[in-house]
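Notes follow once the structure below has been shown.
4 protein chains.
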Amino acid sequence: MAIHKFRPEVYHDVLGQFEPVLRVDDGDTVITSTVDNAGHDASDTHVAHGINPQTGPFYIEGANPGDMLAVHFDKMLPNRKIGRASVSIASNVVDPDYIAEMPEERVIYEWELDPEKGTATLINPDPELGRFVLNLSPMLGCFGVAPMRNQGIAATTASNHGGNMDYNGFGAGVTVYFPVFVQGALFFLGDGHAVQGDGEITGMGIESSFDVQFTVKVIKKRINCPRAESSDYIMAVGNARPLDQALQQATTEMIRWLKEDYKLGDHTIGVLLGQCVKYDIGNVYDPAYTVICKLNKKWLPK
Amino acid sequence: MAIHKFRPEVYHDVLGQFEPVLRVDDGDTVITSTVDNAGHDASDTHVAHGINPQTGPFYIEGANPGDMLAVHFDKMLPNRKIGRASVSIASNVVDPDYIAEMPEERVIYEWELDPEKGTATLINPDPELGRFVLNLSPMLGCFGVAPMRNQGIAATTASNHGGNMDYNGFGAGVTVYFPVFVQGALFFLGDGHAVQGDGEITGMGIESSFDVQFTVKVIKKRINCPRAESSDYIMAVGNARPLDQALQQATTEMIRWLKEDYKLGDHTIGVLLGQCVKYDIGNVYDPAYTVICKLNKKWLPK
Amino acid sequence: MAIHKFRPEVYHDVLGQFEPVLRVDDGDTVITSTVDNAGHDASDTHVAHGINPQTGPFYIEGANPGDMLAVHFDKMLPNRKIGRASVSIASNVVDPDYIAEMPEERVIYEWELDPEKGTATLINPDPELGRFVLNLSPMLGCFGVAPMRNQGIAATTASNHGGNMDYNGFGAGVTVYFPVFVQGALFFLGDGHAVQGDGEITGMGIESSFDVQFTVKVIKKRINCPRAESSDYIMAVGNARPLDQALQQATTEMIRWLKEDYKLGDHTIGVLLGQCVKYDIGNVYDPAYTVICKLNKKWLPK
Amino acid sequence: MAIHKFRPEVYHDVLGQFEPVLRVDDGDTVITSTVDNAGHDASDTHVAHGINPQTGPFYIEGANPGDMLAVHFDKMLPNRKIGRASVSIASNVVDPDYIAEMPEERVIYEWELDPEKGTATLINPDPELGRFVLNLSPMLGCFGVAPMRNQGIAATTASNHGGNMDYNGFGAGVTVYFPVFVQGALFFLGDGHAVQGDGEITGMGIESSFDVQFTVKVIKKRINCPRAESSDYIMAVGNARPLDQALQQATTEMIRWLKEDYKLGDHTIGVLLGQCVKYDIGNVYDPAYTVICKLNKKWLPK
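Chains A, B, C and D, in that order, are what the protein sequence lines are. Everything in the first sequence is counted per the numbering used here, starting at 0 for the first residue and increasing by one. Everything in the second sequence is counted per the numbering used here, starting at 0 for the first residue and increasing by one. Everything in the third sequence is counted per the numbering used here, starting at 0 for the first residue and increasing by one. Everything in the fourth sequence is counted per the numbering used here, starting at 0 for the first residue and increasing by one.
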């Protein structure tokens, strides 16, 4: 259960079978950092090319295809003062007939991040909102493992290996589970958001470089899509287009989870999901959209 | 500002231009009742045919095409002890390849409703959940006005006139706004659910007849889709298929709202929606799906 | 087997349970006319309000809910010289990010129709195409029966009762089959196009009033969606959104047809559809899209 | 303009930046072979792992990112007697509610291929169809170039680099154009079908190893999606989910083509596409669906 402090020097804008930057044991903890969506680090210096450059991959000893990798996010915080967010709403979240009324130019606003106070504050006052202040709610937008079929998939999109899910529920205290497709799993992470609305509908949260601490665990279990667990919820994640298919994947993975792990019958599952299920929308901006199907753990039989 | 106690004797399974059952003034309050999704009343007697039979229509004096009708739900509660809910998850919310593993037979569970304690309790113990108890969270699944273009649209589906939206946020204390398409608006309501998970993925909440009290108001304003307001949120509603289009409609209506009523500029809207928007999924079961785009009122400039 | 010459005086922009304009017997033929999409007749006079005003409804004696109505189009031709078509491509058929580059203004071009020569000719020469000439390929865009559940559905959209399918394969010589939902079936027709590309992507074909001759037949068979038959093909029609669902409906209805009427087994159907199926796109413009699943009759076992 | 006879020894089930198997000049012709979808060669021996193993990549001298690669298929024919096709219709092309009525077991039928007679004949007589005979219509299901952003994308899916498009119009005599993303373009090909219905709705055409002859050309032009040209048509290809988005991509690329290469104005394009466009459905089976937007070349101004 070692703790590794790892300072990245190389970044990848693709999740695939690259040379591991560090090998860690099952149960180990890693303290590292990520650059922002545009490759800028804690000093706001451009150090990585591409979109959502990833720290990693981390090779987890003992992780084999068919296993499940658990990644618990112990801590995550922006590690610099400047955050940037688009204020331009994406054309794919408004009616096609309304797009012509939307401004064409893409505009970025700057925010001052204060992790101690826990705030993000608009640097240039907005005419209506002034120096608008939001509470920090740090999350990672893109993280995951090397994909199936020896693919290398851009950090702009998502699939069953994780990737660019942009779900604002993936913050500190949450454990995310991935199917393992290659030896060592090869875990990547990046694209921290200090704050982000549902759907990431401007294509950005408040983007910043981050300090992140996470702990890995290998579990001998086969899953199909990412799953996650917070203090209150179990969650299944669907990454696909359109939203309908993302929701189908998430719901199906939740049903499998309840059947296989909790040994619940069809009717019991129907009671729980029919009356207690919640859906969250991760992103509706990236090439693959993300839907979370979640169930409060208080409803689960002990 | 009269208060009308209205006891329905006729029900419609289509929202359209039927003979009004009652004419009320702008500002009036109506106390009435609805039958359940299958046409059973407070005594569990079958009194109405079709699916989601509606009480109404109520003719609101002074409501003209191009106006907006505000319906505030003052109170709503199940008015009988028996509730019924399907435990069979719909085929359209799971992966097509997984459907063959789902049970085919549609199964209904009965619940005991206790409005005083505020609980719904499984009548026959589930093998895993026992006599499972949920808190009542009463909502109306289907309500709305006579549709545009002189149509008559079944109470099984939804469009910009409202209809079968099945959103679990539409309970007491909420005001819902509709575009008015015909003289008198012709407001209908029905399909009460004692409890319902997101998406209505078994095709039913815990269905019951209801007592409902609502107050109407005519506002001289043109809107495109239903809107709503709770103590905390403003909400815009998209009813369409697929989910993507429902979300596009809801987001577009929210942008219009912020522009026209709150006089916000594009960039201000981009800040608010980009970092603070929330999406809820009403239903993913009916012919038209429902997505809610909502914004906490605390973020709105005074 | 009477032949009725019927001159319409009233039109409906909704398909629903209106007073029949004519009662005909099973096997009868009707010779009538339709106005164009904007309600203009053979003399280009505005005689009907709404979009796609329909001639009818025709009450077919002996047609009962659960039956199938066959409508054979004996003849159809534009009955005036002037046709009109939009040249503005709809926003929902191009990439959301490309819409801002499309012209906003909706522009209509006029065409000279010559049924004897069988041509449509641009009246004002296009700078690139000059006096562009196309062969007439007359079709009806909107026709169908009174919908299920006592609904009244606008002639702008489509469902399992038919309606605004805008499929360029629905011309003379084709028989279209509808499920019957109400006594007398109540058949409507209108929205003739002299020419139309796949998908009706400008929202219009070359629109004209039409002379139409059709023959009806009642068949004691239950179907779920419209079906059709030409000299070469059997066709099943899906009307829904998104395109994927329209295709699913059409494919499912074709499978049912092959199973129930042709008594083919699953594997035989798999051979035929897997290697010989064709799909056509009716419209991708209207609220419900239309996909046709078709199979050449030469492949069918005798 | 050399002619290269190339006998493959290595295959890839991913399209990405692998070591070129052959370097050819702009204008050169390659005569080679492909294995079938399951990795079986002309002798029906299993020689390649994965799904749709690809021959290549071929490095084309002078092809640089931002260029367009033209691949003309001079000849393609099955090179063995045995073909195999599934008769099991995919769950995603039928109504979700109908899936439970479809057979679960996946069944493969064998076909005898006779390139001289130009026929495919069922080896085991079907109870209804007997020894059913179809005309060969050879096509390649999967081919393309190395993808953008240094990705490696499985030969089971498609994107703007081509890939598993499964369009039955991609046979001999057709030229397909690809955007070039990496030096040398890196062209791959495989997955030959002797016959295939629209949509590849059983997930397979009649699969066989193939002999293929193609000629490459580098053109200094930037395109966004694959394009193609046959003797009669120009075609633009959209690869995405859902079908709606594939159609949007294809239509957008066609509009760009008409604007940029044919220098047509918006209204001229609206005339041509509005009244003359045709859509074909490539596949509705793979992770990305394929739609072809095509226009008969006779309509294009000289």
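Glycine is no exception: its CB is placed at the ideal position from the N, C-alpha and C atoms. Since the model is a prediction, treat every value here as computed from it, not as a measurement.
- Message: Below 8 Å, is the gap between the Cβ of D:GLY49 and the nearest heavy atom of the ligand FAD?
- Response: The ligand FAD is not part of this structure, which contains no ligands at all.
- Task: Could you check which residue in C:LEU299, C:SER87, C:GLY269 and C:ASP96 has the C-alpha nearest to that of A:SER87?
- Result: As a first step, residue 87 of chain A is located in the first sequence; it is residue number 88 there, counting from the start. Nearest of C:LEU299, C:SER87, C:GLY269 and C:ASP96 to A:SER87, Cα basis: C:ASP96.
- Item | Residue span of the beta strand (DSSP E) that contains A:LEU272, given as start and end | Indexing the first sequence from 1 puts residue 272 of chain A at position 273. From DSSP, A:LEU272 is part of no beta strand (DSSP E) but of the alpha helix (DSSP H) over 265 to 275.
- Nearest to B:MET234 by CA position, among B:CYS224, B:GLU60, B:LYS219 and B:VAL92, is which residue? For this step, residue 234 of chain B is matched to residue 235 along the second sequence. B:CYS224 is the residue among B:CYS224, B:GLU60, B:LYS219 and B:VAL92 whose C-alpha sits nearest the C-alpha of B:MET234.
- Task: Kindly indicate which residue of A:GLY140, A:LEU128 and A:ASN134 has the alpha-carbon position closest to the one of A:GLY117.
- Result: Taking the first sequence and counting its residues from 1, the one referred to as residue 117 of chain A is at position 118. Of the candidates A:GLY140, A:LEU128 and A:ASN134, the one whose C-alpha sits nearest the C-alpha of A:GLY117 is A:ASN134.
- Which residues in the same chain have their Cβ closer than 7 Å to the Cβ of B:HIS71, if we skip the five residues on either side of it in sequence? Along the second sequence, one-based indexing puts residue 71 of chain B at 72. Closer than 7 Å at Cβ, skipping near neighbours: THR174, PHE213 and THR214.
- Query: Hey, is A:VAL276's beta-carbon within less than 9 Å of any beta-carbon in chain D?
  - Reply: Position 277 of the first sequence, counting from 1, holds the residue named residue 276 of chain A. Residue-level contact check: A:VAL276 does not touch chain D, since none of the beta carbons of chain D fall below 9 Å from its beta carbon.
- Query: Using the C-alpha atoms, what's the distance from A:ASP265 back to D:GLU228?
  - Reply: Numbered from 1 along the fourth sequence, position 229 holds the residue referred to as residue 228 of chain D. Numbered from 1 along the first sequence, position 266 holds the residue referred to as residue 265 of chain A. Taking the straight line joining both Cα atoms gives about 52 Å.
- Item | Top-ranked residue by Cα proximity to B:ALA84, from A:PRO300, A:ILE268, A:PRO77 and A:PRO52 | In the second sequence, counting from the first residue as 1, residue 84 of chain B sits at position 85. Selection A:PRO300, A:ILE268, A:PRO77 and A:PRO52 evaluated against B:ALA84 yields A:ILE268 as nearest (Cα-Cα).
- Message: If distances are taken between C-alpha atoms only, which option among C:VAL23, C:ILE280 and C:THR289 comes closest to D:VAL290?
- Response: Looking up residue 290 of chain D in the fourth sequence gives position 291. It is C:ILE280.
- Item | Residues, ordered as in the chain, of the region 29 to 60 of chain D that lie near chain C by beta-carbon distance below 7 Å | Taking 7 Å as the Cβ-Cβ cut-off against chain C, none of the residues of the region 29 to 60 of chain D qualify.
- Task: Step through the CB atoms of chain A and report whether any lies within less than 9 Å of the CB of D:PRO241.
- Result: Counting from 1 along the fourth sequence, the entry for residue 241 of chain D is found at position 242. A Cβ of chain A is located within less than 9 Å of the beta carbon of D:PRO241.
- Taking the CB atoms as reference points, tell me whether B:PHE5 and B:THR33 lie closer together than 9 Å. Taking the first residue of the second sequence as position 1, residue 5 of chain B is located at position 6. Taking the first residue of the second sequence as position 1, residue 33 of chain B is located at position 34. No. Outside cutoff.
- Message: Going by C-alpha to C-alpha distance, which of C:PRO77, C:VAL93 and C:VAL92 sits closest to C:LEU112?
- Response: Position 113 of the third sequence, counted from the start, is the residue given in the question as residue 112 of chain C. By alpha-carbon distance to C:LEU112, the top candidate from C:PRO77, C:VAL93 and C:VAL92 is C:PRO77.
- Query: When the cut-off is 9 Å and only beta carbons count, does A:ASP96 lie next to chain C?
  - Reply: Position 97 of the first sequence, counted from the first residue, corresponds to residue 96 of chain A. Chain C contact via Cβ: present.
- Message: Between C:ILE222, C:ARG240, C:LEU263 and C:TYR278, which has its C-alpha nearest C:PRO286's C-alpha?
- Response: Start at 1 with the first residue of the third sequence, and residue 286 of chain C comes out as number 287. The shortest C-alpha separation from C:PRO286 is found at C:ARG240.
- Interface positions of the region 128 to 155 of chain A facing chain D (Cβ-Cβ less than 9 Å), listed along the chain: The residues in question are PRO146, MET147, ARG148, ASN149, GLN150, GLY151, ILE152, ALA153, ALA154 and THR155.
- Task: Could you name the residues of the same chain whose beta carbon sits closer than 6 Å to that of B:MET203, not counting the 5 residues immediately before and after it, in chain order?
- Result: Translated into positions along the second sequence, residue 203 of chain B becomes position 204. Short of 6 Å from the beta carbon of B:MET203, and not among the five residues preceding or following it, lie these beta carbons of its own chain, in chain order: ALA84 and SER85.
- For A:TRP256, the first and last residue of its enclosing alpha helix (DSSP H): The residue labelled residue 256 of chain A in the question sits at position 257 within the first sequence. In the DSSP assignment, A:TRP256 falls within the alpha helix (DSSP H) that extends over 242 to 259.
- Item | Proximal chain B residues relative to A:ILE205, where beta-carbon distance stays under 7 Å | Position 206 of the first sequence, counting from 1, holds the residue named residue 205 of chain A. Think of a sphere of 7 Å around the beta carbon of A:ILE205: the chain B residues whose beta carbon falls inside it are GLN274, in chain order.
- Task: Taking B:SER85 as the query, report the chain D residues whose CB atoms sit under 8 Å from its CB, ordered along the chain.
- Result: For the purposes of this step, residue 85 of chain B is identified with residue 86 of the second sequence, where counting begins at 1. For B:SER85, there are no neighbours in chain D by C-beta distance under 8 Å, as the nearest C-beta there is about 14 Å away.
- Considering only C-alpha positions, which residue in the set A:LEU271, A:LEU246, A:LEU294 and A:LYS262 is nearest to B:SER90? Position 91 of the second sequence, counted from the first residue, corresponds to residue 90 of chain B. Among A:LEU271, A:LEU246, A:LEU294 and A:LYS262, the Cα nearest to that of B:SER90 belongs to A:LEU246.
- Query: Do the region 152 to 160 of chain D and the region 143 to 160 of chain A meet, that is, are 3 or more Cβ pairs less than 8 Å apart?
  - Reply: Short answer: they touch.
- For A:GLU104, the three-state DSSP class (helix, strand or coil): Working through the first sequence from its first residue, we reach residue 104 of chain A at position 105. Three-state DSSP puts A:GLU104 in coil, outside helix and strand.
- Identify the contact partners of D:VAL13 in chain A, using a Cβ-Cβ distance below 9 Å as the criterion. Locating residue 13 of chain D in the fourth sequence gives position 14, where the first residue counts as 1. Per Cβ cutoff of 9 Å: ARG148, ASN149, GLN150 and GLY151.
- Using a Cβ-Cβ cut-off of 8 Å (strictly less than) and excluding sequence neighbours within five positions of B:GLY26, which residues of its own chain qualify? Here residue 26 of chain B corresponds to residue number 27 of the second sequence, with the count starting at 1. Closer than 8 Å at the Cβ level, and outside the excluded window around B:GLY26, lie MET0, THR214, VAL215 and LYS216.
- Task: Compute the distance between the beta-carbons of D:ARG22 and D:PHE57, then report whether it is under 9 Å.
- Result: In the fourth sequence, counting from the first residue as 1, residue 22 of chain D sits at position 23. In the fourth sequence, counting from the first residue as 1, residue 57 of chain D sits at position 58. Yes, the pair counts as a contact, with Cβ atoms nearer than the cut-off.
- Message: At the level of alpha carbons, what is the spacing between C:GLY55 and D:PRO300?
- Response: Within the third sequence, numbered from 1, the residue matching residue 55 of chain C stands at position 56. Within the fourth sequence, numbered from 1, the residue matching residue 300 of chain D stands at position 301. So the two alpha carbons sit approximately 43 Å from each other.
- Status (buried if at least 16 other CB within 10 Å, exposed otherwise) for B:PRO137: Start at 1 with the first residue of the second sequence, and residue 137 of chain B comes out as number 138. B:PRO137 should be labelled buried.
- Message: Within a Cβ cutoff of 6 Å, which residues of the same chain sit near A:ASP210, ignoring the five residues on either side of it in sequence?
- Response: In the first sequence, residue 210 of chain A corresponds to position 211, counting from 1. The answer, listed in chain order, is SER32, LEU76 and ASN78.
- Item | Continuous beta strand (DSSP E) assignments of at least 3 residues falling wholly in the region 119 to 149 of chain C | Entirely contained in the region 119 to 149 of chain C, the beta strand (DSSP E) runs reaching 3 residues are, in chain order, 132 to 134 and 138 to 144.
- Query: Terminal residues of the continuous beta strand (DSSP E) containing A:ASP190?
  - Reply: Locating residue 190 of chain A in the first sequence gives position 191, where the first residue counts as 1. DSSP places A:ASP190 inside the beta strand (DSSP E), whose first and last residues are 186 to 192.
- Other residues of its chain near B:VAL283: CB distance less than 6 Å, five sequence neighbours each side excluded: Position 284 of the second sequence, counting from 1, holds the residue named residue 283 of chain B. Here the set comprises VAL92 and GLY198.
- Determine the DSSP secondary structure at B:ASP96, reduced to helix, strand or coil. On the second sequence, position 97 is the one that residue 96 of chain B refers to. Look at B:ASP96 here: in three-state DSSP terms it is helix.
- Beta-ladder partner(s) of D:TYR166, from DSSP: For the purposes of this step, residue 166 of chain D is identified with residue 167 of the fourth sequence, where counting begins at 1. Per DSSP, none; premise fails for D:TYR166.
- According to the neighbour-count rule (16 or more other Cβ atoms, all chains shown, within 10 Å of its Cβ), is D:PRO7 buried or exposed? Taking the fourth sequence and counting its residues from 1, one reaches residue 7 of chain D at position 8. With 16 or more other Cβ atoms from the protein chains shown falling within 10 Å of its own Cβ, D:PRO7 counts as buried.
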